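Asker: Numbering (my numbering), first residue to last: 20 to 914. For glycine and all other residues, C-beta sits at the position ideal for the given N, C-alpha and C. Given the structure is predicted, the values throughout are model-derived calculations rather than measurements.
So, in structure tokens, the structure goes:
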């Protein structure tokens, strides 16, 4: 024996002595041991309740010193408005209706100063009302001026009486003189009047959009009718529901507006950073809670089926519950928060904690059946299984801590919490579990199967070569499927698609000009912003570029004369009326009668008129016939309520005589584009929906090539994907290297190391091939599966190899080695522990959160593959190796 081997042997003997001594001490002082662990658990529970927080920010899962995180933080410091917003998307059939509903909603939301610090409707800013006409293209402005000039008489009639009487006069003018120069064609106007009147008759009035009538047809679409209400919430960062009070207040305000006439026919949906995070936080918390409870129940069921000893299972459950509380305290002490990955640590602890309990419990039962008394059996179980548990724990810790050196901070935090949890699980299992066993004295449970060459053990022994051939072939096929594996770290793809915040966010992404997937760049000043914008506009991936200059009308020298002509021609017709336009009930009834008379007169006098016109007149007349006198005031408001705001905007817009300059832009708008230190913002919009990860990466890379300091969702998602991918490779490589070194040092044999790792590598290949074939992408959450497979699965391999080495030292025969290995308590303990681990993680698959759900699916699949590789492939490999080694020894003397 070499000096190095002697040192290793002495270290191993010392370790086994320490483990055995801990077990013996706990067994001889069981009540003291129980009291100490209960006290520690109470203290840990109290500490974690006060100090453990929750974070669902996916951006915070990447180390803050990465370049894109630094660019994001720099941008946020310059423009803090972009952070923590609640966005209400207001949609309706008309721009007028959306405007009115958005303004009313903002009024109600502004009253909730307890949870909302600021509320605004960008489109309602007086700046856009006053200078709105100048923002039209010159050609469109000229077209509008021409159409309004042709409708001068009609506009004058409406301006003189913006009510039912004025509408009757307008229709009389149009239908009598066949005036096609009205604000819209007569047919279109009549059809819209009929639709709005029908909604009044049905009791759900939808106002007629006069703004829509004067717009060009191509301008009036869903996006043009969409308005936004932006709110900055007051967040409670000490609570898991940090944004819930503000989001709830917004929903309450929406409910109140929807119950008012202004909300009829309007759709209001809530999204934004705060609702998305709160929705995800609630989903994750609920899913993790349900999964924890289910995993506890299912783990108990598997233990009952595997051990058939109520007292022994009770001991393990007590250890799991106290250990979970201790792990929570350790998490609060070491990291202080849970993220989207580490929130699953409770489920993981149940899956791993019962692993230790299963091996110790089944070995205890085996020793009882050999004739040892309970105290001696408990001590012997710790002495026999403890070293393998320690080794598997060290390997698991390596796997968990492998992400700490990487930039993937979220997984590093998970690794730290899990590693500490493994230490807790090991210590409490080696001390408290044997102490509880001594106190409760559980029985031997199900007897071991008879040792005969049949059943599963015999099948593996007889067919070990075929098993290895199939395993090798499956490994080759799995490697061929690896190109199908993909990575998707878009945080939106992890959330429940059915939630309002997610569905609304995706709807906004469909239209480029409302897409939340824009990219922002911080530039030194306005001149630099404009120069960069010119370069970005040349990109084929750019669907539009906005800067502060975008909010100063262009080509004003050509537009101002058009406004002057409009004012000269239309000014007298649009002069503000001197009297009120309101009609009393009598006036409404007279106007209503006049309106019907005008329509009836046209049908009687124009029998040979255009069919489309006659159909439109008839349709409007039929709708009016359904109106009861009590609804005339509602009808008046629905049909003519939008006239005064439209005429006011026209009057205000035509009155502009001087060019608009930067000095005219309101401070609230400037603050969104120019920082307090003079730096300027540039925003780049995509050309199409880039929700797909590949399209998003193409857009981000194109912008980054021009502006390396760009930030925004596309950049964050793309760069985070690269960080996660590289971290995954680094962590997996580090795990393998450190495990190899540890196993070689402990096993003092390359063969032992290969036997332990080979089944894990095979299970990893199967898992990745399954993910690729089933199109389950790796994401922020489930990317831990492969490193976790090594961390968790190594325990099974270590126990099997260690037990096999014990049998070899005991002189197992060539033909009986496989059977002797597979009929011990070790395979059953491996099966029970892996089944409980797989079952615990499978509960995550029920989550509505796609990240947790896919994590549960892939972990359950990977652990299942670990069972197959550890209990079928590994024994077959060990049988082959054992027989080869014996043949080699027999042949040695012949040489």
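What residue range does the beta strand (DSSP E) around residue 247 cover?
Answerer: First-last of the beta strand (DSSP E) with residue 247: 246-252.
Asker: Considering only the alpha carbon of each residue, which of 907, 891, 55 lies closest to residue 485?
Answerer: Per the Cα distances, 891.
Asker: Quick one: what's got a C-beta closer than 8 Å to residue 334's C-beta in the same chain, skipping five residues either side?
Answerer: Closer than 8 Å at the Cβ level, and outside the excluded window around residue 334, lie 376, 380, 452, 455, 456, 459, 461.
Asker: Any heavy atom of the ligand ADP inside 7 Å of the beta-carbon of residue 884?
Answerer: Summarising the ligand content, the structure contains no ligands, and the ligand ADP is consequently not present.
Asker: Any contact between the stretch 854-868 and the stretch 785-792? By contact I mean 3 or more CB pairs, one from each, below 8 Å.
Answerer: No: fewer than three Cβ pairs fall under 8 Å.
Asker: Can you list, in chain order, the residues of its chain with a C-beta nearer than 7 Å to that of residue 870? Leave out the 5 residues immediately preceding and following it.
Answerer: Answer for residue 870: 359, 513, 798, 799, 800, 801, listed in chain order.
Asker: Determine the extent of the alpha helix (DSSP H) in which residue 10 is found, giving its start and end residues.
Answerer: Only positions 20 to 914 of the chain appear in this structure, which leaves residue 10 out of reach.
Asker: Measure the alpha-carbon distance for residue 423 versus residue 542 and round it to whole angstroms.
Answerer: So the two alpha carbons sit approximately 34 Å from each other.
Asker: Going by DSSP, name the residue or residues bridged to residue 135.
Answerer: Note: residue 135 sits in a beta bridge opposite 252.
Asker: Taking DSSP as the reference, what is the three-state secondary structure of residue 593?
Answerer: Note: residue 593 maps to coil in three-state DSSP.
Asker: Drop a sphere of 10 angstroms on the beta-carbon of residue 498, count the other beta-carbons inside from all chains shown, and report buried for 16 or more, exposed for fewer.
Answerer: Classification of residue 498: exposed, given that the 10 Å Cβ count is below 16.
Asker: Given this structure, state the Cα-to-Cα distance separating residue 149 from residue 575, to the nearest angstrom.
Answerer: If I take the Cα positions, the gap works out to 14 Å.
Asker: Count the other CB atoms within 10 Å of the CB of residue 231; is the residue buried (16 or more) or exposed (fewer)?
Answerer: Answer is buried; the Cβ neighbour count reaches 16.
Asker: Residue 222: which of 283, 244, 182 sits nearest, CA to CA?
Answerer: For the residues 283, 244, 182, the minimum Cα distance to residue 222 belongs to 283.
Asker: What is the DSSP secondary structure of residue 843, counted as helix, strand or coil?
Answerer: Looking at residue 843 - three-state DSSP - the assignment turns out to be coil, as it is neither helix nor strand.
Asker: In chain order, what residues of the same chain have a beta carbon less than 6 Å from the beta carbon of residue 295, not counting five sequence neighbours either side?
Answerer: The answer, listed in chain order, is 520.
Asker: Please classify residue 115 as buried or exposed, where buried requires at least 16 neighbouring CB atoms within 10 angstroms.
Answerer: The residue is buried, with at least 16 neighbouring Cβ atoms inside 10 Å.
Asker: Between residue 796 and the rest of its own chain, which residues show a CB-CB distance below 7 Å, the 5 nearest in sequence each way excluded?
Answerer: Cβ within range, chain order: 505, 506, 507.
Asker: Candidates 332, 781, 109, 534: which alpha carbon is nearest residue 322's?
Answerer: Answer by Cα proximity: 332.
Asker: Please go through the same chain and pick out, in chain order, the residues whose beta-carbon is closer than 6 Å to the beta-carbon of residue 388, but skip the five residues on each side of it.
Answerer: Here the set comprises 463.
Asker: Grab the span of the alpha helix (DSSP H) containing residue 277 for me, first residue to last.
Answerer: From DSSP, the alpha helix (DSSP H) with residue 277 extends over 263-277.
Asker: What are the start and end residues of each continuous alpha helix (DSSP H) run of 4 or more residues lying completely inside the stretch 619-683, in chain order?
Answerer: The qualifying runs are 630-644, 651-659, 662-673.
Asker: Quick one: what does DSSP say residue 238 is sitting in, helix, strand or coil?
Answerer: Confidence at residue 238 is low in this model, with a pLDDT of 45, below 50, so the placement of that residue is unreliable and no value is reported for it.
Asker: Which of the three DSSP states is assigned to residue 702 in this structure?
Answerer: It is a strand residue.
Asker: What three-state label does DSSP hand residue 519 in the structure shown?
Answerer: Helix.
Asker: Could you give the distance in angstroms between the alpha-carbon of residue 716 and the alpha-carbon of residue 533?
Answerer: Roughly 19 Å between the two C-alpha positions.
Asker: Is there contact between the stretch 57-69 and the stretch 341-348, where contact requires at least three CB pairs shorter than 8 Å?
Answerer: At 8 Å Cβ cutoff, the stretches touch.
Asker: At which residues does the beta strand (DSSP E) containing residue 286 begin and terminate?
Answerer: 286-290 is the extent of the beta strand (DSSP E) around residue 286.
Asker: Mind listing, in chain order, the continuous alpha helix (DSSP H) runs of no fewer than 4 residues lying wholly within the stretch 495-562?
Answerer: The stretch 495-562 contains these whole alpha helix (DSSP H) runs: 519-529, 545-556.
Asker: What is the residue span of the beta strand (DSSP E) that residue 109 lies within?
Answerer: Segment 105-110, the beta strand (DSSP E) holding residue 109.
Asker: Got a sec, what are the start and stop residues for the alpha helix (DSSP H) residue 789 sits in?
Answerer: 769-792 is the extent of the alpha helix (DSSP H) around residue 789.
Asker: What is the residue span of the alpha helix (DSSP H) that residue 159 lies within?
Answerer: Note, residue 159: alpha helix (DSSP H), 157-169.
Asker: Measure the beta-carbon distance from residue 365 to residue 343 and round it to whole angstroms, keeping in mind my assumption that it falls under 8 Å.
Answerer: That belief holds up - the Cβ atoms of residue 365 and residue 343 are roughly 6 Å apart, short of 8 Å.
Asker: Roughly how far, in whole angstroms, is the beta-carbon of residue 216 from the beta-carbon of residue 639, given that I think they are within contact range, below 8 Å?
Answerer: About 7 Å; that satisfies the 8 Å criterion.
Asker: So, does the stretch 534-553 touch the stretch 696-712, judging by three or more C-beta pairs under 8 Å?
Answerer: Verdict: yes, contact present.
Asker: What is the rounded straight-line gap between the Cα of residue 719 and the Cα of residue 184?
Answerer: Each residue's Cα considered, the two are about 57 Å apart.
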